[in-house]
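Trainee:
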Amino acid sequence: MPDYQPASRVTRIKESASVQAAARVRELKAEGRSIIDLTVGEPDFDTPEHVKQAAVAAIAAGETKYTSVTGTPQLRSAILDHVERRTGIRYSPSEITIAGGAKQVIFTALTASLDEGDEVIVPAPYWVSYPDMVLANEGTPVVVPCGDDVGFKLTPKALAAAITPATKWLILNTPSNPTGVVYSRSELEALAAVLAEHPQVYVLTDEIYDEIYFGEGQITSLVAAAPQLRDRVLLVNGVSKAYAMTGWRLGYAVGPAPLVASVNKLQSQISSCPSSISQAAAAAALTGDQSFVAECVEAYRERRDAAVAGLNAVPGLSCRTPEGAFYAYVNCAGAVGKTTPDGATIGNDQDFVLYLLDAASVAVIPGSAYGLGPYFRISFATSLETINAGVEAIDKAIRALS
Ligand code: PMP
Numbered sequence: 051m052p053d054y055q056p057a058s059r060v061t062r063i064k065e066s067a068s069v070q071a072a073a074r075v076r077e078l079k080a081e082g083r084s085i086i087d088l089t090v091g092e093p094d095f096d097t098p099e100h101v102k103q104a105a106v107a108a109i110a111a112g113e114t115k116y117t118s119v120t121g122t123p124q125l126r127s128a129i130l131d132h133v134e135r136r137t138g139i140r141y142s143p144s145e146i147t148i149a150g151g152a153k154q155v156i157f158t159a160l161t162a163s164l165d166e167g168d169e170v171i172v173p174a175p176y177w178v179s180y181p182d183m184v185l186a187n188e189g190t191p192v193v194v195p196c197g198d199d200v201g202f203k204l205t206p207k208a209l210a211a212a213i214t215p216a217t218k219w220l221i222l223n224t225p226s227n228p229t230g231v232v233y234s235r236s237e238l239e240a241l242a243a244v245l246a247e248h249p250q251v252y253v254l255t256d257e258i259y260d261e262i263y264f265g266e267g268q269i270t271s272l273v274a275a276a277p278q279l280r281d282r283v284l285l286v287n288g289v290s291k292a293y294a295m296t297g298w299r300l301g302y303a304v305g306p307a308p309l310v311a312s313v314n315k316l317q318s319q320i321s322s323c324p325s326s327i328s329q330a331a332a333a334a335a336l337t338g339d340q341s342f343v344a345e346c347v348e349a350y351r352e353r354r355d356a357a358v359a360g361l362n363a364v365p366g367l368s369c370r371t372p373e374g375a376f377y378a379y380v381n382c383a384g385a386v387g388k389t390t391p392d393g394a395t396i397g398n399d400q401d402f403v404l405y406l407l408d409a410a411s412v413a414v415i416p417g418s419a420y421g422l423g424p425y426f427r428i429s430f431a432t433s434l435e436t437i438n439a440g441v442e443a444i445d446k447a448i449r450a451l452s
């Protein structure tokens, strides 16, 4: 057999840190270790019954064939209605693309638009996949550190400084994974004012956590704050997080027709269409009873409050109260430089996370995976008991450091 040589686009990238962390937790559990798992990036709730029933009905009705690349008419109209409710803007059917998850939509949008050397501005901390997706598509990620001092958000000044003639995209994520921060209308308007001076820059706004918001009313979508940018904003969303449908793999985006047309052209060569059954389920989720979403948000709020209060009471740790999504980003600078009972020095957040796994059987993800240390991310999409047990074990492990 000849030596297999992966393509350079593969050797340039890493496996997703969150997928890796989940695999490690599964391995340890299989070895019989009891792990308090705070890595999970998906709702712990089951998909609502009416959504499952819509999928069963689609199978029974023979809706089991290829659909058009842009989906069934039912799904398209459900998406357009949903986006209009969220943004006040009525997109047209030629402005939609759908795929097997928001993740695939983002990847394909980058494939459709990046040439070698095109720059993509990625504010850090970022969702783990953005820089690697850019690299896999021959682009250059331009990571802009956005620390706690600026609320983990991109400022207009930092945006202006990062833009060059090679900038193709800015990626925004609100509410954010991993910090849970949400951009306000005025913050989005201020970023839009900078973008007005750079008409070549497109914006990919990843609003997959839009429904998981703990504030009043709803989050402001970038296109609602800056409708004048509509012709260069790709608004990405999906059903994974709001409707506990991560395994159904259905995401979508709306944006300018020429961009969307090239994404759809690629999609026609990649997957033809996402699963027809998942499309029926997603249409039911978007058009059906929405009380499930509100119930989940209330549960996440209770867990968030427990996690944030618990972690802030641990010596050496601090975290902001997330306004959306189901993650907290915890500063662990107070643990860095300390010594474990085995005599090892904690040099950075990765060491700390390994120590927590070994000494306390708690799994979290190091901030370095999100481009900004020394932090770790916890997910509170898990039971209150697990969160409380995790906080207690972390507290004990920190107190054992010297
Ligand atoms: N964007 C962000 C910020 C995410 O956290 C995730 C899921 N972890 C995705 C996109 C992908 O979601 P989907 O399941 O729709 O592919």
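In my numbering, the protein residues as written are 51 to 452. Glycine is no exception: its CB is placed at the ideal position from the N, C-alpha and C atoms. Quick caveat: nothing in here was measured; it's all calculated off a predicted structure.
Please say whether A375 and S226 have beta carbons closer to each other than 9 Å?
Mentor: Yes, they are a contact pair.
Trainee: With C-beta atoms as the reference, is V380 less than 9 Å away from L407?
Mentor: Not a contact, by the Cβ cut-off of 9 Å.
Trainee: Considering only heavy atoms of ligand 1, list every residue whose Cβ is less than 6 Å from one of them, following chain order.
Mentor: For ligand 1, the selected residues are G91, G151, A152, K153, W177, N223, N227, D256, I258, G288, S290, T296, G301.
Trainee: Where does D399 land, buried or exposed, given buried means 16+ other C-beta within 10 angstroms?
Mentor: That one is buried.
Trainee: Alpha carbon to alpha carbon, how far is F157 from N314? Give it in angstroms, no decimals.
Mentor: Those two C-alpha atoms are separated by around 12 Å.
Trainee: Span of the alpha helix (DSSP H) holding I171?
Mentor: I171 -> not in any alpha helix (DSSP H); beta strand (DSSP E) instead, spanning 169–174.
Trainee: At a cut of 8 Å, does the stretch 407–417 reach the stretch 67–85 through at least three beta carbon pairs?
Mentor: Yes: at least three Cβ pairs fall under 8 Å.
Trainee: Can you check whether the CB of H100 is closer than 9 Å to the CB of N287?
Mentor: Not a contact, by the Cβ cut-off of 9 Å.
Trainee: Short check: CB of R353 to CB of F430, under 9 Å?
Mentor: Contact: yes.
Trainee: Where do the N-terminal and C-terminal ends of the beta strand (DSSP E) with P181 fall, by residue?
Mentor: Taken as a continuous stretch (DSSP letters only), P181 belongs to no beta strand (DSSP E), being part of the alpha helix (DSSP H) at 179–186.
Trainee: DSSP puts S429 in a beta bridge; with which residues?
Mentor: Paired residue(s): Y377.
Trainee: Applying the 10 Å Cβ sphere with the 16-neighbour rule, what's the burial state of Q317?
Mentor: Q317 is buried by the Cβ-count criterion.
Trainee: What span of residues does the alpha helix (DSSP H) with K102 cover, start to end?
Mentor: Taken as a continuous stretch (DSSP letters only), the alpha helix (DSSP H) holding K102 covers 99–110.
Trainee: Cβ atoms of A210 and Y420: under 9 Å apart, would you say?
Mentor: Contact flag unset, no.
Trainee: Going by DSSP, which residues form a beta bridge with Y252?
Mentor: In DSSP, Y252 forms a bridge with W219.
Trainee: Looking at the secondary structure, which residues open and close the beta strand (DSSP E) in which A294 lies?
Mentor: Taken as a continuous stretch (DSSP letters only), A294 belongs to no beta strand (DSSP E), as it is neither H nor E.
Trainee: Starting from the Cα of G417, find the closest Cα among C196, I258, R299 and give me that residue.
Mentor: With distances taken between Cα atoms, G417 lies closest to C196.
Trainee: Does DSSP put T389 in a helix, in a strand, or in coil?
Mentor: If DSSP states are grouped into helix, strand and coil, T389 belongs with the strands.
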